[in-house]
Amino acid sequence: MEDQSLKRLQHLASAVFRPLDILAHELFTSETDNPNLERYLTTLQDVRKPLLHVCSSMMQDRNNIALRA
C-alpha cells in the first residue's frame with residue numbers, strides 16, 4: 008500500500024518535467040535574441056532541481072520499503 012502510494016506520487020511528479028522541458032526548448036529555439044533567455048533558462052533549471060530531489064527521495068523511500076519486505 009505504502010509503495011503504491013509512492014509509485015503514484017512518483018508518476019505524478021514526473022509529469023511536471025515534460026512541460027518544463029517543452030518550455031525550455033521553446034524558449035531556446037524561438038527566443039535566441041532575447042537578452043533574458045539565460046535568466047529564464049536558469050530559473051527553469053532552478054525549478055527542476057527541487058523536483059529532482061523529491062523524485063529521488065521517493066525512489067529512495069520505495070527502495071527502503073522493498074528492503075524491509
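Quick note: the sequence shown uses my numbering, first residue 8, plus one each step. A virtual CB, placed ideally from N, CA and C, is assigned to each residue, including glycine. Treat the numbers as computed from the prediction; the structure is a model and nothing was measured.
Return helix, strand or coil for Val23, following the three-state DSSP convention.
The count along the sequence shown starts at 1 and reaches residue 23 at position 16. In this structure, Val23 counts as coil in the three-state DSSP scheme.
Looking at Asp10: is its Cβ nearer than 7 Å to the Cβ of Arg69?
For the purposes of this step, residue 10 is taken as the residue at position 3 of the sequence shown. For the purposes of this step, residue 69 is taken as the residue at position 62 of the sequence shown. A contact, by the Cβ cut-off of 7 Å.
First and last residue of the alpha helix (DSSP H) that includes Leu66?
Here the question's residue 66 lines up with position 59 in the sequence shown. Note that residue 66 is Met in the sequence shown, not Leu. Segment 44-75, the alpha helix (DSSP H) holding Met66.
Would a C-beta distance cut-off of 7 Å place Leu13 and Met65 closer than the cut-off?
Position 6 of the sequence shown, counted from the start, is the residue given in the question as residue 13. Position 58 of the sequence shown, counted from the start, is the residue given in the question as residue 65. In contact: Leu13 and Met65 (Cβ atoms closer than 7 Å).
Kindly list the residues whose CB is nearer than 8 Å to the CB of Phe35, restricted to its own chain and excluding five residues on each side of it in sequence; keep chain order.
Here residue 35 corresponds to residue number 28 of the sequence shown, with the count starting at 1. Leu44, Leu48.
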